[in-house]
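*Asks:*
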Amino acid sequence: MTYETKADALDAVFETRAPELDTLRAEVSRLTNMVTARHVAQSGERPALTGAKAAEGSDWLRKGGDADTESHTGTKAASIAVAPKGGVAVPITIDGVIDRVLLAESPIRSIAQIVDVGTANYRKLITTGGVISGWVSETAGRPETDTPDFAEIAPPMGELYANPAASQAMLDDAMFDVESWLGAEIGREFARAEGVAFVTGDGVNKPRGFLSAANSALADTARPFGTLQVITAGAAGGFAATNPQDRLIDLVHALAAPYRQDASWVMNASTLARIRKMKDNDGAFLWQPALAADQPATLLGYPVVEAAAMPDIAPDSLSIAFGNFRAGYLIAQRRETVVLRDPFSNKPFVHFYATKRVGGAVVDSRAIKLMKFSV
């Protein structure tokens, strides 16, 4: 038998098996797509949209579609994932716009620690002490350290919502960028609501703000964990008549040195206006303007964050905060935003009812200090 004869026989075998291989490849591809689509729907993960997929998401925003009414089967287009309780998880491009607006317009979010969670029962363990370190030689025995003490933090969570509206004529306009408009509208409403909650929220169906935490004049070593330290301003409802800047310096140095490296001031515009007029004993202003467009102004060398939700100066008010909020305050959130398109409730306008689960709480009470306007 020649080599040519053997090769012909092998070719014949391959030709008979080729349809079976094509069928097997198609079945594997179908199953892979089904599993991927189901994973996307259950986990909330959404790929970046391009081409026809992006157009699908835009068409749903402009005209609606079966995502409003049909139940999810696990194989719906990845451009709009149906949420378990109705509505759709917006395309990741719109979530990106919302995130950028929140970081720019929600002052506490810009300096706090943010974690994305998949459940409303998020817990975080914080070490409060008990671990002792030391030095030994290479061959010396290692004595046991104390058992660490832990505190469990469960940030209260609530459902944040916004309900922007557009006329159908706006949505029908091909030049109207509906994705950017919707992301910006939702982001601004979310920023306004969470900006208040992160400062003064009571923790009932919303985050617990840092001003709602217990406070005490005791130092770090004497206060219960979870209680913020307050430094008095020297007068009821105002600064001390002489050397008011001294209390600001006391507030800075009440914060332990490791926390001061990334610390910020937080106050509202009214309080900031009073502080900007303060001078030291040499006549230099305590407040210094930003040296570059993308840099914050500073007070005693630390950046100032203006938060409208901080209270005005009044007797016993907590109008100034100073601390490392990245270490001291935690924001827990479900990453995706869910939108329900409603063209019926307020004709001729189309409402986009957007929801997102957000929580927050103080996680390290040693990292944030408050100024109380009392004697």
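Quick note: the sequence shown uses numbering that gives the first Met the number 0, first residue 0, plus one each step. Cβ atoms here follow ideal geometry from the backbone N, Cα and C, with glycine treated the same way.
1) Could you name the residues of the same chain whose beta carbon sits closer than 8 Å to that of T270, not counting the 5 residues immediately before and after it, in chain order?
2) Given N214, which residues of its chain have a CB within under 8 Å of its CB, disregarding the five upstream and five downstream residues?
3) Identify every run of the beta strand (DSSP E) within the region 300–334, keeping only runs that are complete inside it and at least 3 residues long; order them along the chain.
4) Determine the direct distance from the alpha carbon of W264 to that of Y301, and round the result to whole angstroms.
5) Whole angstroms is fine: what's the gap from S105's alpha carbon to E193's?
6) What residue range does the alpha helix (DSSP H) around Y258 cover?
7) Tell me the rounded alpha-carbon separation between P46 and G237.
8) Spell out the partners DSSP gives M169 in its beta bridges.
9) Quick one: Cα of V81 to Cα of R340, how far?
10) Quick check on G233: buried or exposed, where buried means 16 or more other Cβ atoms within 10 Å of its Cβ?
11) Where do the N-terminal and C-terminal ends of the beta strand (DSSP E) with G157 fall, by residue?
12) Around the Cβ of P90, are there at least 16 other Cβ atoms within 10 angstroms (buried) or fewer (exposed)?
13) For S109, which option in A326, R365, A353 and P347 has the closest C-alpha, if you only look at C-alpha atoms?
14) Let's test the definition: count the other Cβ atoms within 10 Å of the Cβ of E14 and tell me whether it reaches 16, buried, or not, exposed.
15) Please identify the residue among A253, I107 and A353 whose C-alpha is closest to the C-alpha of A196.
16) Skipping 5 residues on each side, what residues in its chain have a beta carbon closer than 6 Å to that of Y121?
17) If we count the other Cβ atoms within 10 Å of its Cβ and call it buried at 16 or more, is A353 buried or exposed?
18) Would L250 and A262 be called neighbours here (beta carbons separated by less than 8 Å)?
19) Mind checking which residues open and close the beta strand (DSSP E) that includes E137?
*Replies:* On the basis of the supplied data:
1) M309, D311, I312, S318 and I319
2) T226, L227, Q228, V229, L317, L369 and K371
3) 301–305, 317–322 and 328–332
4) 7 Å
5) 7 Å
6) A256 to R259
7) Confidence in P46 is poor, its pLDDT being 44 and thus under 50, which makes the residue's placement unreliable; the coordinate value appears in the next sentence. Distance between the alpha carbons of P46 and G237 is about 53 Å.
8) DSSP, once it has assigned bridges, lists no residue as partnering M169.
9) A caution first: V81 carries a pLDDT of 46, below 50, which makes its placement in the model unreliable, though a value can still be read off. Spanning the two alpha carbons is a distance of roughly 12 Å.
10) buried
11) M156 to A161
12) buried
13) A326
14) exposed
15) I107
16) A331
17) buried
18) no
19) Note, E137: premise wrong, no beta strand (DSSP E); not H, not E.
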